[in-house]
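Visitor: Just so we're aligned, residue 54 is where the sequence shown starts under the numbering used here, counting upward by one.
Glycine included, each C-beta is placed from N, C-alpha and C at the ideal position.
Values in this document were obtained by computation on a predicted structure and should not be read as measured data.
Attaching a single structure in structure tokens format; questions to follow.
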Amino acid sequence: MKNFSIICAAVAMVSAPAFANKDHDKGNMEQKTQFFFEKMDSDGNGMVSKAESDAFGAKMFNEADTNKDQFLSLAEVKAHKMKKKEEYKLHQHNMSDDDKETD
Ligand SMILES: [Ca+2]
Ligand SMILES: [Ca+2]
């Protein structure tokens, strides 16, 4: 039983930071989801319709298809993902600027 409690303590120590990171990622994920949801919800009624979803998908495709051959290469998808990541980072940066102004 003594060994068991040592193992429990060790597991708690190891899993605690991992759990914290997971929560942080989850928070980021939720923020990201909201960011893209708001982008998809073009009429801003708090719901994404099939048409809005389709339009968003088409927009994403056209944005990613930089050479306009109506096909997405892996390189185009990767580049687009990086671009969206930067866009999201900028959005987060702007959000934190807004927070500073309200202080
Ligand atoms: Ca909508
Ligand atoms: Ca292409």
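1) Can you look up S149 in the DSSP assignment and give me helix, strand or coil?
2) Counting only the same chain and skipping the five closest in sequence on each side, list residues whose C-beta sits under 8 Å from that of K92.
3) Comparing alpha-carbon positions, which option in Q84, E129, S102 lies nearest N157?
4) In chain order, what residues of the same chain lie with their CB nearer than 7 Å to the CB of H144, ignoring the 5 residues before and after it?
Guide: Quick look at the numbers:
1) Helix.
2) F109
3) Residue numbering for the chain in the displayed model covers 54 to 156; residue 157 lies beyond these limits and cannot be assessed.
4) F88
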